[in-house]
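Reviewing the structure listed below.
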Amino acid sequence: MIKTTLGHIQLNIDSQNTPFYKELFAFLDWETLHDAEGALGVGCADSSLWFIGNANDAKNDYDGTGMNHLGLHVQSQDEVDQMVVYLREKNILPLFETPRHRPEFSQDADHTYYQVMFETLDKILIEVVYIGLLEKE
Numbered sequence: 178m179i180k181t182t183l184g185h186i187q188l189n190i191d192s193q194n195t196p197f198y199k200e201l202f203a204f205l206d207w208e209t210l211h212d213a214e215g216a217l218g219v220g221c222a223d224s225s226l227w228f229i230g231n232a233n234d235a236k237n238d239y240d241g242t243g244m245n246h247l248g249l250h251v252q253s254q255d256e257v258d259q260m261v262v263y264l265r266e267k268n269i270l271p272l273f274e275t276p277r278h279r280p281e282f283s284q285d286a287d288h289t290y291y292q293v294m295f296e297t298l299d300k301i302l303i304e305v306v307y308i309g310l311l312e313k314e
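Per the working numbering, the sequence shown starts with residue 178, numbered consecutively.
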């Protein structure tokens with residue numbers, strides 16, 4: 178057996194959308210690792226995402242074979258709500274009646290799975306989620 182961790186994920190995008198990803202991941206406090214024409218690398222802990230501006234015209238169907246969504250964990254429900262404000266400022270609407278609590282994904286009544294889901298300019302589905310103790314509102 179070999180022990181592994183997530184190293185990186187490459188996402189092919191339209192190169193004109195690179196500034197969107199740079200700004201989004203700066204807001205999420207990810208470090209810019211590489212920023213050159215046609216390629217943006219951002220990192221957090223030991224993982225990185227690479228946005229490569231050479232996508233072809235194939236359409237992404239996140240319910241088909243391949244990646245469904247990219248999930249990003251945050252430290253509080255408030256940070257999910259901050260993400261919603263950020264998205265609205267960018268005219269990006271949350272999907273699937275989010276933000277919302279998902280009790281079916283919670284371990285018990287004292288915990289929550291609180292998420293917002295949205296689609297990027299390149300139709301990549303992203304989830305920002307807090308998993309932890311239910312915070313009193």
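Virtual Cβ for every residue (Gly too), placed ideally from N, Cα, C.
Can you grab the Cα-Cα spacing for the pair residue i / residue j, in whole Å?
i: N231; j: A203; result: 22 angstroms
i: F228; j: L217; result: 5 angstroms
i: E266; j: Q259; result: 11 angstroms
i: L311; j: R279; result: 11 angstroms
i: Y198; j: L264; result: 12 angstroms
i: T289; j: L210; result: 33 angstroms
i: G220; j: L183; result: 12 angstroms
i: Q193; j: G215; result: 9 angstroms
i: I308; j: L201; result: 21 angstroms
i: K180; j: G248; result: 22 angstroms
i: T275; j: M178; result: 40 angstroms
i: D287; j: V261; result: 24 angstroms
Based on the DSSP secondary-structure assignment, which residues constitute the bridge partners of residue i?
i: N189; result: I229
i: T289; result: G309
i: M178; result: Note: M178 sits in no beta bridge, so no partner.
i: R277; result: Q292
Looking only at C-alpha atoms, which of the options sits nearest to residue i?
i: E256; options: Q292, D238, P280, L298; result: Q292
i: A213; options: C221, S225, P196; result: P196
i: A235; options: R277, G309, I301; result: I301
i: G243; options: Q284, L188, V261; result: L188
i: L272; options: Q284, V262, E296; result: E296
i: L205; options: S253, I179, L270, D285; result: S253
i: V306; options: K313, Q284, R277; result: R277
Would you kindly check if the distance between the Cβ of residue j and the Cβ of residue i is under 7 angstroms?
i: M294; j: E281; result: no
i: Y239; j: N233; result: no
i: S225; j: H250; result: no
i: D299; j: D223; result: no
Going residue by residue through the region 204-260, where are the continuous beta strand (DSSP E) segments of at least 3 residues, counting only ones entirely within it?
208-213, 216-221, 224-229, 247-250
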